[in-house]
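At position 13 of the sequence shown the residue is numbered 324 (this note's numbering), and the sequence of numbers has no breaks. Every residue gets a Cβ at the ideal spot worked out from N, C-alpha and C, and that includes glycine. Written out below as structure tokens is the structure these notes cover.
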Amino acid sequence: MTDTASNLVPVFDGHNDTLLSLERRSNTPGERSFFEEAGHDHIDLPRARKGGFAGGLFAMFTPSVRTKQKEGKDADFMSPENFKGVPQQQALDYTLKLLEIAEGLEAKGNCEVKICRSTTAIREAMAAEQLAMMLHVEGAECIDKDFEALELLYNRGLRSIGPVWSRETIFGHGVPMLFEHSPDIGPGLTDAGKELVRQCNHRKIQLDVSHLNEKGFWDLAKITDKPIVASHSNVFNICPMSRNLTDKQLDAIAESRGLVGINFAVFFLRPDGQLNSDMPLDVILRHADYLINKLGEDGVALGSDYDGCLVANDIKDVAGLPKLIEAFRKADFGEELIARIAHGNWISVLERAGV
């Protein structure tokens, strides 16, 4: 490790879509290797080393549209095509494809990548300077009502799951991405969704509320005996996006000793809700301050959504993480708090969840 790398604050991040990005670029002119530095997308191993990215929750998400979406001001994220449901077998097949990509990174990585099935394994991988990858399913379309696929994926390493993405499943209703709109949209968890919560609690699979609508959030909160986690969400009172969390939801997360991972997507951060990457890092600090006041210093972490969103120019990819760490320093967060936000709080909440 270089002297520069040794001075970096390690980051364990709560959410990225790198596996999806790699799959979408496979067998295309833009295909890239995770082990070679690219000038596009957000995460590869060389840039991870430069930025202090020590690992995180790697999402396995089945998109409605398989081609990579445009980024920038003209991106049509709200196209109805992007929110169509996906049949269970199709979603399972795609999830297994992404899981095989993750397993391939571990196999081909010359011991540089490790799929972690416990918090102990995360700590060991970080100590060994391996990229600590924990597997997450974003939107449970791949899970059947008998939960056979849940058991299959758990045995392959799944340790975190979001019951929905921003679309309907047999388990519940996702919250759409609407600006100046409450997350109180549609009904809550179905009976199958409530059983999914119990099944995950039993297996010690972390549950993620980031894409649940408000009624689904409260249904989950009533059932779960684990910390409530929103892996990549922000503050509704700062950016009134339906995907963000209200004060009442933040109070419930705090009561459960849960956690919120700050999402880097600019339109979940900016008070004007604009899809514009010309945004100062002070906006992220404003969300961090608010969350610390509501959740305490143990309840705030990072959930970048790298490879799945448009981020601020100053942290345009994972190599830009030190700029955010420095912004925390300039705001007098202190090294102990910075370390908690950067990695310690994620590991602690996963441990509280029994992972």
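{"Item": "With a cut-off of 8 Å, do at least 3 Cβ pairs link the segment 445-459 to the segment 477-485?", "Value": "yes"}
{"Item": "Are the beta-carbon atoms of T329 and V666 separated by less than 9 Å?", "Value": "no"}
{"Item": "At a cut of 8 Å, does the segment 407-419 reach the segment 484-501 through at least three beta carbon pairs?", "Value": "no"}
{"Item": "Here's the rule I'm using: 16 or more other beta-carbon atoms within 10 Å means buried, otherwise exposed. How should P591 be labelled?", "Value": "exposed"}
{"Item": "Thinking A443 and K419 are a contact (beta carbons under 8 Å), I'd like their distance in whole angstroms, please.", "Value": "Not confirmed; about 17 Å, so no contact."}
{"Item": "If you draw a straight line from the alpha carbon of E382 to that of A402, how long is it in whole angstroms?", "Value": "With a pLDDT of only 48 at E382, under the threshold of 50, the placement of this residue in the model should not be trusted; the figure read from the coordinates follows. For E382 and A402, the distance between alpha carbons rounds to 24 Å."}
{"Item": "Hey, how far is the Cα of R272 from the Cα of S344?", "Value": "A query on residue 272 cannot be resolved here, the shown segment of the chain reaching from 312 to 666 and no further."}
{"Item": "What are the uninterrupted segments assigned as alpha helix (DSSP H) that are 4 or more residues long and contained completely in the segment 405-453, given in chain order?", "Value": "430-438"}
{"Item": "Answer yes or no: do S277 and N327 have a C-beta to C-beta separation smaller than 9 Å?", "Value": "Within the shown structure, residues of the chain are numbered from 312 to 666, placing residue 277 beyond reach of any answer."}
{"Item": "Taking one C-beta from the segment 563-578 and one from the segment 597-609 each time, how about it: are there three or more such pairs within less than 8 Å?", "Value": "yes"}
{"Item": "As a quick exercise: from E423, T406, H492, pick the residue whose alpha carbon is nearest that of A359.", "Value": "E423"}
{"Item": "List in chain order: all unbroken beta strand (DSSP E) runs of 3+ residues lying wholly within the segment 466-497.", "Value": "469-473"}
{"Item": "Determine the burial state of P720: buried for a count of at least 16 other Cβ atoms within 10 Å of its Cβ, exposed for fewer.", "Value": "No statement about residue 720 is possible, as the shown extent of the chain runs from 312 to 666 and does not include it."}
{"Item": "So is H351 buried or exposed if we call it buried at 16+ other beta carbons inside 10 Å?", "Value": "exposed"}
{"Item": "Per the contact definition of three or more C-beta pairs closer than 8 Å, is the segment 536-547 in contact with the segment 571-590?", "Value": "yes"}
{"Item": "Taking the alpha-carbon positions, what's the F668 to S471 distance?", "Value": "The structure shown does not extend to residue 668, since the chain is modelled only from 312 through 666, so no value can be given for it."}
{"Item": "Excluding the 5 residues preceding and the 5 following A460 in the sequence, name in chain order all residues of the same chain whose CB lies nearer than 7 Å to its CB.", "Value": "L403, C453, I454"}
{"Item": "If you follow the alpha helix (DSSP H) that N327 is part of, which residue opens it and which one closes it?", "Value": "Per DSSP, N327 belongs to no alpha helix (DSSP H); it is in the beta strand (DSSP E), 322-327."}
{"Item": "Taking G325 as the reference, give the member of M552, T535, R335, L570 with the closest Cα.", "Value": "L570"}
{"Item": "So, V320 versus I658, is the Cβ gap smaller than 9 Å?", "Value": "no"}
{"Item": "What would DSSP say about V540, mapped onto helix, strand or coil?", "Value": "strand"}
{"Item": "Per DSSP, which one or two residues make a beta bridge with G366?", "Value": "F323, A443"}
{"Item": "Compare the beta carbon distance of L602 and V611 with 9 Å and say whether it is the shorter of the two.", "Value": "yes"}
{"Item": "Would you mind working out which of I626, H522, K537 sits nearest F364, comparing C-alpha positions?", "Value": "I626"}
{"Item": "Measure the beta-carbon distance from D530 to G499 and round it to whole angstroms, keeping in mind my assumption that it falls under 8 Å.", "Value": "4 Å"}
{"Item": "Residue range of the alpha helix (DSSP H) that I658 falls in?", "Value": "656-663"}
{"Item": "On the criterion of 16 or more Cβ atoms from any shown chain inside 10 Å, does A630 qualify as buried, or is it exposed?", "Value": "buried"}
{"Item": "Name, in chain order, the residues that DSSP records as bridge partners for A612.", "Value": "G572"}
{"Item": "What does a CB cutoff of less than 7 Å around L333 pick up in its chain, not counting 5 residues either side in sequence?", "Value": "F345, I412"}
{"Item": "Identify every residue that forms a DSSP beta bridge with Y601.", "Value": "In DSSP, Y601 forms no bridge with anything."}
{"Item": "Buried or exposed for Q400, going by 16 or more other Cβ atoms inside 10 Å?", "Value": "exposed"}
{"Item": "Helix, strand or coil for R556? Go by DSSP, reduced to three states.", "Value": "In the sequence as displayed, the identity of residue 556 is Leu instead of Arg. Residue state, collapsed to three classes: strand."}
{"Item": "Check whether the Cβ atoms of F490 and G619 lie closer than 9 Å to each other.", "Value": "no"}
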